[in-house]
Amino acid sequence: MADTPSGNKSEKQPPPDLNLDKPSSAGTGGSKGAGGGAKPGGVSSSRSSTGKPQAPKAATDSPEPAKAKPSAGTPKPGGQAVASAARPAQPAKAVASAGAGPQAMAEEAPPSRSFGSLFLLLPSWLISMVFHMVLLLILAIWVIPEPDRSGLSRIVVPPPTKVEELEEIREEPLEQINVESPVDTVVIAPDPTQVPELPKSDDLDAATVKVDLENFGLQQVPRSDLLAHRGTFFGSGLEGRGKGKGQLLRAGGGNEASELAVAKALKWLAEHQMPNGGWNFNHAMAPSCQGKCRNPGTETEAWNAATGLALLPFLGAGQTHREGKYKENVKRGLMFLVSRMQRSPQGGSLYEGGRGRMYSHGICAIALCEAYAMTKDKYLYEPAQLAVNFIAYAQDPVGGGWRYEPRQKGDTSVVGWQIMALKSAHLAYLQVPPITVRKAVQFLDSVQTNSGANYGYTDPGAGAATTAIGLLSRMMLGWKRETPALERGVQWLSNHGPNINPGAGTANMYYNYYATQVLRHWEGELWDKWNVKMRDSLIQTQAKQGHEEGSWFFTGEHGTELAGRLYCTAMATMILEVYYRHMPIYRAHAVEAQFPE
Ligand SMILES: [Zn+2]
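Under this note's numbering, the residue at position 564 of the sequence shown is numbered 763, and the numbers go up by one with no gaps.
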């Protein structure tokens, strides 16, 4: 397994806050981490899923048959089994009592003989009963693992005494059943340059994934199903569309101007989609643009990150590949991501070179999970679940975080995207390993200060963006509104206010994106105050003319050089969608729909 990357990169990075620029210092050689682990070999043989627990499991599985044999094979002639079982005890006893002299030896001998004769004296019905009980036990053990389907072959009759191991083996597949069969069915890695057609969805029932609840366990089912409703606001009846959105918009503090800005932004994003269905941070590569818009990003390698980031604002506005004005754009974007996914026993990786790396994967995982949650399109089920599996695999097994390379010691910035993806996955009824969530909490604990009101980057600290990410993550992971540290943290963010200066054209959109969500969930006066400034500043700074119309660009943040206008536009749009984009996921019950312990 590709454990190698852990810690092979420079641990100490300059301050956090900023996104895509961070990875820069770590170089690109590390692609072996995910790339290596993500090679599509041996796909069919694995149980995949979370990846990491698998190898150890398989190792403990294989010895089983050998251990099992003695107990399974001997009992044939009934009495003999008991006799042979008793015999091995004798030498031990003899050795133990050797020091006691011949007398002791003499005393020792009779028991074995008397045991034998006693055995002969036993009534046949008793022997028969014992034999049949043993037989039944063996049969039971043989039969019980049956439902574990394909993994069965590896579980060959564990010895009856190994009850604990048996339970372990039986639990394991429960978490992962769904994952394996999809992996088995995927053999072809599609050509990224050829975007295949999505299957036609004439039959809504057929398109809906039948969720197999027994694979989840009740405790894993989210208490609210609100994410699905985001689709229905715009998806099922035309009447329901504008209505639901309008209500949420007004209730949350949005207005017509903010909605107009979102509409223009989506138009700009759609116009800068590439012919292959993806997006690139160098938006000038788009045929319709060809440099008409300024400020292209310099990070041209991170196709996945750019595509995931461009898709999120569409999804946030209720635009899916099934519904809405931009369904063709969304469809081609999703297909692009699916075709780029590297499948392996560790899951489906959208890790990529350049500076995207695990950022790319987290962002794309959110897009896939949201699209799946909103449409329940069977086609997206597998990629979404595999993306979650890869997140679980890529988690630092020690500290619980995520960073540029899979299994590297974490940083708060990369962690934020993965946690958001896990939350979307959870609400989409995808399987999120509880251990992954617990370890993510452990990571947050390790970088917090002020009892959890503030967060650092890779160590305890109190950066602005990292604090916003940490607090939003805490909300996602179940902190109640009453938590004192949360209240202090929110107040802290409120005191900082939105980081945007329309006059100077500067902003930190990374911080704004997370902090806006935190304040939005907090609601009340602090939100109202935040919202007015954030909303109106964005409306004011949106490009008003030329090909740039509908987009944003700010300086003052390293990430904007790398990811350019596309990045600024995606982040600004999602901020203006906060009134309805996150309501289904986080607001009301959803925020409190905790992961299972
Ligand atoms: Zn342009």
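Cβ atoms here follow ideal geometry from the backbone N, Cα and C, with glycine treated the same way. Values in this document were obtained by computation on a predicted structure and should not be read as measured data.
With residue i and residue j assumed to form a contact (beta carbons below 8 Å), what rounded beta-carbon distance in angstroms separates them?
i: R764; j: P596; result: With a Cβ gap of about 38 Å, R764 and P596 do not count as contacting.
i: A469; j: Y550; result: Not a contact, Cβ separation roughly 27 Å.
i: L692; j: I618; result: Rounded, the Cβ-Cβ distance is 18 Å, inconsistent with contact.
i: V646; j: P659; result: 6 Å
i: G615; j: K608; result: That belief does not hold up - the Cβ atoms of G615 and K608 are roughly 16 Å apart, past 8 Å.
i: M557; j: Y603; result: 6 Å
i: L629; j: G669; result: With a Cβ gap of about 24 Å, L629 and G669 do not count as contacting.
i: Q744; j: A460; result: With a Cβ gap of about 14 Å, Q744 and A460 do not count as contacting.
i: L626; j: A570; result: Between A570 and L626 the Cβ distance is about 13 Å, and since that is not below 8 Å, they are no contact.
i: A462; j: F480; result: Contact flag wrong, Cβ pair sits at about 23 Å.
i: N698; j: N711; result: 6 Å
i: E776; j: G445; result: Contact flag wrong, Cβ pair sits at about 14 Å.
i: G749; j: A464; result: 5 Å
i: W678; j: L671; result: Actually they do not touch by this definition, with Cβ atoms about 10 Å apart.
i: Y766; j: L447; result: Between L447 and Y766 the Cβ distance is about 26 Å, and since that is not below 8 Å, they are no contact.
Any chance the CB of residue i is under 7 Å from a heavy atom of ligand 1?
i: K743; result: no
Over the uninterrupted alpha helix (DSSP H) stretch that includes residue i, give me the two end residues.
i: R734; result: 723–740
i: A464; result: 455–470
i: L626; result: 611–626
i: H695; result: 683–695
i: S673; result: Before going further, note that residue 673 is Arg rather than Ser in the sequence given. Counting along the chain, the alpha helix (DSSP H) containing R673 begins and ends at 663–675.
i: Y656; result: Per DSSP, Y656 belongs to no alpha helix (DSSP H) and is neither H nor E.
i: Q630; result: Per DSSP, Q630 belongs to no alpha helix (DSSP H) and is neither H nor E.
i: V777; result: 777–780
i: T506; result: 502–515
i: M573; result: 556–574
i: E581; result: 577–593
Beta strand (DSSP E) containing residue i: first to last residue?
i: G547; result: 546–548
i: S543; result: 541–543
Handout entry: Segment contact, 8 Å Cβ cut-off, at least three pairs: the stretch 582–593 with the stretch 563–572
Key = Cβ pair count under 8 Å is three or more, so yes.
Problem - Any residue whose CB is nearer than 5 Å to a heavy atom belonging to ligand 1, listed in chain order - result: This selection yields C488, K491, C492, H746.
Exercise for the section: Evaluate the contact criterion for the stretch 771–782 versus the stretch 736–748: three or more CB pairs, one atom per stretch, below 8 Å. Expected result: By the criterion of at least three beta-carbon pairs nearer than 8 Å, the stretch 771–782 is in contact with the stretch 736–748.
Problem - Three-pair Cβ contact test at 8 Å for the stretch 515–522 versus the stretch 495–504 - result: Judged by Cβ distances under 8 Å, the stretch 515–522 makes no contact with the stretch 495–504, as fewer than three pairs qualify.
Handout entry: Given 8 Å, three or more beta-carbon pairs between the stretch 696–707 and the stretch 755–764
Key = In the pairwise beta carbon analysis, the stretch 696–707 is classified as touching the stretch 755–764: at least three pairs are separated by under 8 Å.
Exercise for the section: Report yes or no: do the stretch 631–643 and the stretch 572–582 share at least 3 C-beta pairs separated by less than 8 Å? Expected result: No, they do not touch.
Practice task
Flag this pair as touching only if the stretch 503–514 and the stretch 467–482 have three or more C-beta atom pairs under 8 Å; answer yes or no.
Solution key: Yes: at least three Cβ pairs fall under 8 Å.
Practice task
Give a yes or no on contact between the stretch 481–490 and the stretch 530–549, applying the rule of three or more CB pairs nearer than 8 Å.
Solution key: In short, these stretches do not touch, since the Cβ pair count stays below three.
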